[in-house]
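Number of protein chains: 2
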Amino acid sequence: MSTNHPQHNGFLLKHSIAVDVALFTIQAGILKVLLVKRENAPYRGMWALPGGMVGPEESVDAAALRELHEETSIGNIYLEQLYTFGEINRDPRGRVITVAYYALVNWQQVQLKAYQRVSEANWFAVKRLPDLAFDHRRIIDYALERLRNKINYTTVAFQLLSREFTLTQLQSSYEVIIGTRLDKRNFRRKMLQLGILKATRQFHANGRQRPARLYTFMAPKVIKLQEKGIIVPF
Amino acid sequence: MSTNHPQHNGFLLKHSIAVDVALFTIQAGILKVLLVKRENAPYRGMWALPGGMVGPEESVDAAALRELHEETSIGNIYLEQLYTFGEINRDPRGRVITVAYYALVNWQQVQLKAYQRVSEANWFAVKRLPDLAFDHRRIIDYALERLRNKINYTTVAFQLLSREFTLTQLQSSYEVIIGTRLDKRNFRRKMLQLGILKATRQFHANGRQRPARLYTFMAPKVIKLQEKGIIVPF
DNA sequence: TCAAAAGTGTTTCCCCTACACCCATGG
DNA sequence: CCATGGGTGTAGGGGAAACACTTTTGA
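Heads up: the protein sequence lines correspond to chains A and B, in order. So the numbering used here is basically just the index in the first sequence, starting at one, shifted up by 19. So the numbering used here is basically just the index in the second sequence, starting at one, shifted up by 19.
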């Protein structure tokens, strides 16, 4: 944190700091990201990630949460810092350093509250993105990579589900993120033996099929699963 | 990158941005980190990570490399961005956002070039750190965690070795980072079957024992090993 | 009774693990 | 010749992967 700044007035150097947030959700079995249409130059009229400048009396995390809240009007969203893009000349207006975040939200939850949109906003399938302003495409790709890695050793995928969910819904979240189908029996066995799911007495009837049991997630938040490294242990 | 800044003058908000770098090396079988003694307030006389303010015409990565070069006078160091600490009130002088990095270097290499020290600098065992300025202790802990994770699925550990190294030296790097002993036979088998090592015809004589064969690392840089997730594939 | 998703076990195979002795050299 | 680290193989166990049928419901 901070610095051993050079003796001279390095401390006074000032930069513009922005945050950009890639908010993902799953809707109808498709992984989607929230984009907003830019109302100002540069890239006016193009789609971009929600984001904005960090205020002088606001932490960077708080700025990301604020931007998210302005678009979705819901709180309690899983938010994680991704990477800081600090090259010069990324922004046509001048130098702007951006701290990128990604976030996950349950579709039902975001639908409940009506949007308090500060601008035109829409969900786009990550496989069918329009041209994006700045290098927001790069941020989304980076976020997807992080998400695909993290799903392997944490419980981030649960953030895309409601409080109660079926095992099929859970499996579907994994499949949508990693982009491949999984074996139902193996998936269920492994999930259950992780010991982080609790069966409820509720069932979810969905049409004319057999109703599916609902489960809840026991851990309070995203947790790390025990790691099995490639290298260690031997 | 950048932003959909609010219509008002958000774009003009200015912040002080610093970089801090945790540079690690292994010396005599001990994992060490480079610290410099602060010459100015605050925390004057305390040990801190090398770091400084990001210049107006300098990318954040370049600033980290510059700070590293000022302390060690060598280039070609493995450098990776860690995290951006953006809370307010972390710096007693006022608000400073820091982008933290960690770096790995081979001890022999850093010894070759004499230090061009801009200040008093020293290597400290990560297990015996002095009190540190700011929350640099937190950065080091964060870097160690990242390093311990990353050693499992990448080849970062090779960055701590010379171009040619023995398998025992390689094993020792892993052991020092993860803090446990590994089985020699299993380690060697697994490393060799990764297919990224090339045996040379050179041997390293070290005292009165049998000389050890030297290997080189075939991949051009740090690579990801094929991942074996906990969850996927089933 | 039929369509559609829920739910359930077993076998095979591979990789990880544990484990001990001989080799080459310098002193 | 001896002390020191270098170097090597195998057997057993556990977890991952592959695989198909029965159950429950609503229409």
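Virtual Cβ for every residue (Gly too), placed ideally from N, Cα, C.
Once the 5 residues before and after residue i are set aside, which same chain residues still bring their CB inside 6 Å of it?
i, result
"A/Y62", "A152"
"B/P252", "Caution applies to B/P252, whose pLDDT of 48 falls short of 50 and renders its modelled position unreliable; the model cannot decide the point."
"B/Q127", "S181"
"A/M237", "I215, K217"
"A/P111", "P61"
"A/R57", "R63, M65, A67, A152"
Kindly list the residues whose CB is nearer than 8 Å to the CB of residue i, restricted to its own chain and excluding five residues on each side of it in sequence; keep chain order.
i, result
"A/V195", "I45, G48, I49, L50"
"B/R109", "V115, T117, F153, D154"
"B/V241", "Y97, T173, T174, V175, F177, Q178"
"B/T103", "I116, T117, V118, A119"
"B/S21", "Low confidence applies to B/S21: its pLDDT is 43, below 50, so where it sits in the model is not reliable enough to give any reading."
"B/G113", "S35"
DSSP state of residue i, grouped into three classes?
i, result
"A/M72", "strand"
"B/E58", "coil"
"A/R200", "coil"
"B/T187", "helix"
"A/R63", "coil"
"A/V40", "strand"
"B/A47", "coil"
"B/Y234", "strand"
"A/E99", "strand"
"A/A152", "coil"
"A/Q228", "coil"
"B/T219", "strand"
"A/L213", "coil"
"B/V79", "helix"
"B/N141", "strand"
"A/S181", "coil"
"B/S35", "strand"
"A/Y193", "helix"
"A/K146", "coil"
"A/K243", "strand"
"B/I170", "coil"
"B/V124", "coil"
"B/I116", "strand"
So residue i and residue j are supposed to be a Cβ contact under 8 Å. How far apart are they, rounded?
i, j, result
"B/V124", "B/T91", "7 Å"
"A/H34", "B/V73", "7 Å"
"B/L166", "B/Y121", "7 Å"
"B/E86", "B/G71", "5 Å"
In whole angstroms, what separates the C-alpha of residue i from that of residue j?
i, j, result
"A/E99", "A/T235", "23 Å"
"B/R229", "B/S191", "18 Å"
"B/V55", "A/S138", "48 Å"
"A/N23", "A/W142", "Unreliable placement is indicated for A/N23, whose pLDDT of 43 sits below 50; no coordinate value is reported for it."
"B/N287", "A/A41", "Limits of chain B in this structure are 20 at one end and 253 at the other, which puts residue 287 of chain B out of reach."
"B/G214", "B/Q130", "31 Å"
"A/W66", "A/K169", "27 Å"
"A/P149", "A/R157", "13 Å"
"B/A231", "B/F184", "9 Å"
"A/A83", "A/P69", "9 Å"
"A/R204", "A/T219", "20 Å"
"B/N59", "B/R147", "24 Å"
"B/K243", "A/G226", "45 Å"
"B/H88", "A/I107", "20 Å"
"A/G64", "A/A144", "19 Å"
"A/A140", "B/D202", "56 Å"
"B/I93", "A/L101", "29 Å"
"A/G29", "B/Q212", "Annotation note: pLDDT 47 at A/G29 (below 50); position unreliable, coordinate value reported separately. Approximately 50 Å between the Cα atoms of the pair."
Closer than 7 Å by C-beta to residue i: which residues in its own chain qualify, once you throw out the five before and the five after it? Chain order, please.
i, result
"B/M210", "L186, L189, L216"
"B/R207", "L186"
"B/H223", "T185, P230, A231, L233"
"B/H27", "Summary for B/H27: the model assigns pLDDT 38, below 50, so the residue's position carries little reliability; its value from the coordinates is reported in the next sentence. Result list for B/H27: empty, nothing under 7 Å."
"B/I197", "R167, I170"
"B/Q221", "E183, L233"
"B/R200", "E194"
Is residue i near the ligand HEM, judged by its Cβ being under 7 Å from some heavy atom?
i, result
"A/K243", "This structure does not include the ligand HEM; it has no bound ligands of any sort."
- Query: Does the count of Cβ pairs from the region 74–81 of chain B and the region 158–165 of chain B closer than 8 Å reach three?
  - Reply: no
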